[in-house]
Structure formats: C-alpha cells, structure tokens
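Numbering (our numbering), first residue to last: 39 to 296. Written out below as structure tokens is the structure these notes cover.
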Amino acid sequence: MLLIDSHCHLDDPRFDPDRARVLARARKAGVVAMVVPGIVRDDWPRLRATCHADPGLHPAYGLHPMFLDRHQGDDLEELERWLLREPAVAVGECGLDFHIQDPRPDEQRALFEAQVALAVRLDLPLIVHARKALDAVLQILRRHPGCRGVLHSFSGSPEQARQALGLGFLFGFGGAVTHDRATRLHRLVTALPPTALLLETDAPYQPDAGIRGQRNEPARLAAILEAVAALRGEPAGTIARATTENACDLFGLTPPAR
Ligand SMILES: [Zn+2]
Numbered sequence: 039m040l041l042i043d044s045h046c047h048l049d050d051p052r053f054d055p056d057r058a059r060v061l062a063r064a065r066k067a068g069v070v071a072m073v074v075p076g077i078v079r080d081d082w083p084r085l086r087a088t089c090h091a092d093p094g095l096h097p098a099y100g101l102h103p104m105f106l107d108r109h110q111g112d113d114l115e116e117l118e119r120w121l122l123r124e125p126a127v128a129v130g131e132c133g134l135d136f137h138i139q140d141p142r143p144d145e146q147r148a149l150f151e152a153q154v155a156l157a158v159r160l161d162l163p164l165i166v167h168a169r170k171a172l173d174a175v176l177q178i179l180r181r182h183p184g185c186r187g188v189l190h191s192f193s194g195s196p197e198q199a200r201q202a203l204g205l206g207f208l209f210g211f212g213g214a215v216t217h218d219r220a221t222r223l224h225r226l227v228t229a230l231p232p233t234a235l236l237l238e239t240d241a242p243y244q245p246d247a248g249i250r251g252q253r254n255e256p257a258r259l260a261a262i263l264e265a266v267a268a269l270r271g272e273p274a275g276t277i278a279r280a281t282t283e284n285a286c287d288l289f290g291l292t293p294p295a296r
C-alpha cells in the first residue's frame, strides 16, 4: 500500500537526531511521500533544506496563526517572493486559531486572508489550520473564488463539513480518529465522500492512541489508515488508493509507481 502523509513537520528539530531512520520507517510503512508545511519565515530555509535532501518530501510555505509574535511586517511580501522562486506544493500552514491565548482575531484574519489571496494568485492549494475558528475560516474562503486546499486535522460540525465540501476543500484526518471517544469525529469520517479524504500524522504532534504522549512520526500513518478504514467499513487498500490519489491531485504530486 502506498500512502502519502499530507501533513507532517519533518523539519522540526525533534527529528534532528534520527531523521534518516524516521524516513526509513515511513517508507517501510508504505509512506512514499510527505507534505511538510511551513510555520514561520525564519524556518523556511531549514524546511527547504530538509525537503531538498529527500525526494519524497514536498515543502509548503506559510505563516501559521499560532505564531503571531514571530511574524513581522514584510513576511507576507517575502512569502510571495519566496514562493515565486522556490518550488512548493501549497501555501501553508495558515489559518485561524482562536483557541490560543491572546488570539488577536483581526490580525489573524488579515494574515490568513492575504495568504488565501496569494494562493489563488499563484494557483496553489492551501493547507489550513482552523481551531475554534472554522466559521471564520469558511467565511474568508468563501470570499476567494478559486481557492482550494485541505482543512488539516479537521474537527468541525457536519454543517461546517458540508460547507467546506461545497467550497471544494478536502479534509485531513490524523491521530484523533484513533481515539475511541472521538465519536463525533468518527461520524464525520464515515459520512464524507472518499474523494474528500486525506491522511496526515501532523508529526511530531498529535500522536495516535497507540503511541500516546510520544513523538509522532509519519510511519504511524498506517495506524490512521487502519482506523479510517475500520470506521468506514472499507478495505484499507481502498482508502489508501483514494487518499493517495487525492493528495497527488491536490498537491500536484506524481502518482507513485505501484
Ligand atoms: Zn501542522
């Protein structure tokens, strides 16, 4: 089975001691490609270097809403210059997070909306982070016809999912689906069409139920695949094929050879 981790932070320093082994375990688990989103401008060069070093790693660049204090005046302009110069599969990670302390919603909205507009201009998909802010995210996306992308680590209501589907967005599911008590999330995973699903680990964050409290890594995508397949009552191979195809379509990746 060939899988794509649509969201993992492989450039994170927590992988510095053993990145090659982490990648080897990912491949052994069938993870043939990984999308690595950017968070803050200062880290983009490190992210680029990490992805250059391995043909299975694909960078995205963006300004994450949880790091407002680390973004500066001309970061948006620099993001555009950077994306015009550097190969990238998406704009992100960007979005809205009203769960953080001192969320400064207006500042977040402006930062996010500029990145949505940039993605449309450059014809790139978006990797969207939305926490306690999905309605505000959908409102901004609706203002930008032609925008496309993924709502990563999705955990919205059925109505929000319906609206996001209507906008043509995909849904990234990760470790949270493996938790027994996530019944609301389980119902969503079951209800969405297979064309709207992506798998992600969000490594090193969001460990699944099998590795609670530990550093997450892309090899764990196999556990997420099993959980999604079980919830939907479909063979794992079917989900693997669908999600890999969806990721290739969205991010413009070459489909892996079987
Ligand atoms: Zn992330």
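Glycine is no exception: its CB is placed at the ideal position from the N, C-alpha and C atoms.
- Query: Does DSSP put Phe-211 in a helix, in a strand, or in coil?
  - Reply: Translated into positions along the sequence shown, residue 211 becomes position 173. It is a strand residue.
- Between which two residues does the beta strand (DSSP E) carrying Ala-62 extend? One-based indexing of the sequence shown puts residue 62 at position 24. Here Ala-62 belongs to no beta strand (DSSP E); instead the alpha helix (DSSP H) covers 57 to 66.
- Continuous alpha helix (DSSP H) stretch holding Val-158: start and end: Taking the first residue of the sequence shown as position 1, residue 158 is located at position 120. From DSSP, the alpha helix (DSSP H) with Val-158 extends over 143 to 160.
- Message: Can you look up Leu-236 in the DSSP assignment and give me helix, strand or coil?
- Response: For the purposes of this step, residue 236 is identified with residue 198 of the sequence shown, where counting begins at 1. Residue state, collapsed to three classes: strand.
- Message: When you measure from the CB of Pro-240 to every non-hydrogen atom of ligand 1, does any distance come out below 7 Å?
- Response: As a working note, residue 240 is residue 202 in the sequence shown. According to the sequence as given, residue 240 is Asp; it is not Pro. Correct: Asp-240 has its Cβ closer than 7 Å to ligand 1.
- Message: Can you find the residues in the same chain that come closer than 8 Å, C-beta to C-beta, to Gln-153, ignoring five residues on each side of it along the sequence?
- Response: Translated into positions along the sequence shown, residue 153 becomes position 115. Excluding five sequence positions before and after Gln-153, the CB atoms of its chain that fall closer than 8 Å to its own CB belong to Gly-100, Leu-101, Leu-114, Leu-117, Val-129, Gly-130, Cys-132 and Leu-164, given in chain order.
- Task: For Ile-42, write down the residues that DSSP places opposite it in a beta bridge.
- Result: Within the sequence shown, the letter at position 4 stands for residue 42. Paired residues: Ala-71.
- Query: I think His-96 touches Leu-291, with their Cβ atoms under 8 Å apart; what is that distance to the nearest whole Å?
  - Reply: By one-based count along the sequence shown, residue 96 stands at place 58. By one-based count along the sequence shown, residue 291 stands at place 253. Indeed, because the Cβ distance is near 7 Å, the residues count as touching under 8 Å.
- Message: Could you give the first and the last residue of the continuous alpha helix (DSSP H) run that contains Pro-196?
- Response: Counting from 1 along the sequence shown, the entry for residue 196 is found at position 158. It spans 196 to 204 - the alpha helix (DSSP H) in which Pro-196 sits, taken as one unbroken run.
- Item | Residues of its chain near Leu-176, where Cβ-Cβ distance is below 8 Å and the 5 sequence neighbours each way are ignored | Stepping through the sequence shown from its first residue, residue 176 is reached at position 138. Cβ within range, chain order: Gln-198, Gln-201, Ala-202 and Leu-205.
- Item | Best match in Pro-273, Ala-241 and Arg-57 for proximity to Arg-232 [C-alpha to C-alpha] | To locate residue 232, count along the sequence shown from 1; it is residue 194. The sequence shown places Pro at residue 232, not Arg. Pro-232 has its Cα closest to that of Pro-273, out of Pro-273, Ala-241 and Arg-57.
- Query: Since Phe-150 and Pro-183 are thought to touch, with beta carbons under 8 Å apart, how far apart are those beta carbons, to the nearest angstrom?
  - Reply: Translated into the one-based positions of the sequence shown, residue 150 becomes position 112. Translated into the one-based positions of the sequence shown, residue 183 becomes position 145. Cβ atoms of Phe-150 and Pro-183 stay farther apart than 8 Å, at about 17 Å.
- Message: Please list the terminal residues of the continuous beta strand (DSSP E) segment that includes Arg-169.
- Response: To locate residue 169, count along the sequence shown from 1; it is residue 131. First-last of the beta strand (DSSP E) with Arg-169: 164 to 169.
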